[in-house]
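Have a look at the structure below, then the notes.
Residue numbers (my numbering): -14 to 346.
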């Protein structure tokens, strides 16, 4: 638009200059005719000569003033055009700077929740839930643990829904941050009531709080992944995914180390709560620093999109094996991977029952 407007201004300047030249030529021709007429009519009175002289001076003065005004207008419009051109160059440079390169520190802070997610999900299913399942019923601990894993798997179905809603979010905080904030709040409440439920042995409360915690973790994690498309330059997408994986692994390793140091599951729940609060706050804060303000002109698109939410939801849970064959194979391999990894949750029971190693050992 700035280029177009600058071109229009330059065109107007050229037309004004051309019109000034034409006007100058016309005025010069008129003065020449007046002078010739005065020479061929010597019998005119002095008053008429003075009038002609005044008319000529007036015309020439009018021309000079008009020409000066046109030249001034031309120079002004050229300056305006140059100003618009400079503003376009500034805008272009700004758009170029928008293709910024995020530092490693910014990437770490932006995806810091991946560290907290790794802390919870690693020790949650290998240490915490096996212990809690055995406390609920020692004879049926394996079945109870399998029930917890099933519930956790079902809660992951919320991810496409959250992604769809966050894409259409018109909140003043942007698209992702409202879900991160309220998801973290729900996760803190869920973990707190899990602690209350295990302490008082109110296992139904513990189960409900566990569902809330799992839903909250999935909401935050899916919106954090959405920040890759929103805020990370295309050339750094691979680096961002690598940073997420590295933070996840570091969180998993540190989780077992902290559990070894604390040795008390009640303290470990408090550690969970602090991790969620700290890592979610870090992601929320950095996303707020990097996220551009939501443009109002985009809102109409998202409002239109709300009318097709149901169709989008249905398509979110179906992947065509013919149209997206490569991604379909990734989905199948990922499913098999999770099926294999889920067996690690029963590792404590395997060590106890198959290897006959006591918990004290």
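Built from N, CA and C at the ideal position, the CB exists for glycine as well.
Check whether residue i and residue j have beta carbons under 9 Å apart
{"i": "residue 148", "j": "residue 301", "result": "yes"}
{"i": "residue 115", "j": "residue 324", "result": "no"}
{"i": "residue 203", "j": "residue 229", "result": "no"}
{"i": "residue 205", "j": "residue 270", "result": "no"}
{"i": "residue 263", "j": "residue 108", "result": "no"}
{"i": "residue 247", "j": "residue 113", "result": "no"}
{"i": "residue 348", "j": "residue 189", "result": "Residue 348 lies beyond the stretch modelled for the chain, which goes from -14 to 346, so this question has no answer here."}
{"i": "residue 178", "j": "residue 197", "result": "yes"}
{"i": "residue 104", "j": "residue 208", "result": "no"}
{"i": "residue 162", "j": "residue 273", "result": "yes"}
{"i": "residue 176", "j": "residue 258", "result": "yes"}
{"i": "residue 145", "j": "residue 298", "result": "yes"}
{"i": "residue 276", "j": "residue 215", "result": "yes"}
{"i": "residue 234", "j": "residue 195", "result": "no"}
{"i": "residue 138", "j": "residue 265", "result": "no"}
{"i": "residue 164", "j": "residue 150", "result": "yes"}
Cβ distance (whole Å) where residue i is taken to contact residue j below 8 Å
{"i": "residue 121", "j": "residue 129", "result": "5 Å"}
{"i": "residue 94", "j": "residue 236", "result": "That pair is no contact at about 15 Å."}
{"i": "residue 232", "j": "residue 96", "result": "6 Å"}
{"i": "residue 243", "j": "residue 256", "result": "6 Å"}
Same chain only: Cβ atoms within 8 Å of residue i, ignoring 5 sequence neighbours per side
{"i": "residue 222", "result": "213"}
{"i": "residue 341", "result": "none"}
{"i": "residue 127", "result": "118, 331, 334"}
{"i": "residue 304", "result": "312, 313, 316"}
{"i": "residue 85", "result": "218"}
{"i": "residue 306", "result": "313"}
{"i": "residue 289", "result": "Its pLDDT being 48, under 50, residue 289 is placed unreliably in this model, and the coordinates cannot settle the point."}
{"i": "residue 142", "result": "302"}
Beta-carbon contacts of residue i that lie in its chain and below 7 Å, excluding the five residues immediately before and after
{"i": "residue 152", "result": "160"}
{"i": "residue 356", "result": "With the chain represented from -14 up to 346, any question about residue 356 goes unanswered, as that position is not in the structure."}
{"i": "residue 183", "result": "117, 191"}
{"i": "residue 31", "result": "With a pLDDT of only 48 at residue 31, under 50, the local geometry of the prediction cannot be trusted, and no value is derived from it."}
{"i": "residue 308", "result": "none"}
{"i": "residue 187", "result": "none"}
{"i": "residue 329", "result": "111"}
Spatial neighbours of residue i in its chain, beta-carbon cut-off 6 Å, leaving aside the 5 residues before and after
{"i": "residue 217", "result": "225"}
{"i": "residue 240", "result": "104, 107, 108"}
Cβ of residue i within 9 Å of any chain C Cβ
{"i": "residue 203", "result": "The structure shown contains no chain C; it holds only a single protein chain."}
Item checked: Segments assigned alpha helix (DSSP H), at least 4 residues, entirely inside the stretch 146 to 204 -> 162 to 185
Checklist line | Entirely enclosed alpha helix (DSSP H) segments - the stretch 124 to 149, minimum 4 residues | finding: 126 to 140
Next item on the list: With a floor of 4 residues, list each alpha helix (DSSP H) that falls wholly inside the stretch 299 to 334, ordered by position along the chain.
Entry: Runs of the alpha helix (DSSP H) lying entirely within the stretch 299 to 334 and spanning at least 4 residues, in chain order: 310 to 327.
Check: What residue ranges within the stretch 87 to 111 form continuous alpha helix (DSSP H) runs of no fewer than 4 residues, ordered along the chain?
Finding: 89 to 95, 98 to 108
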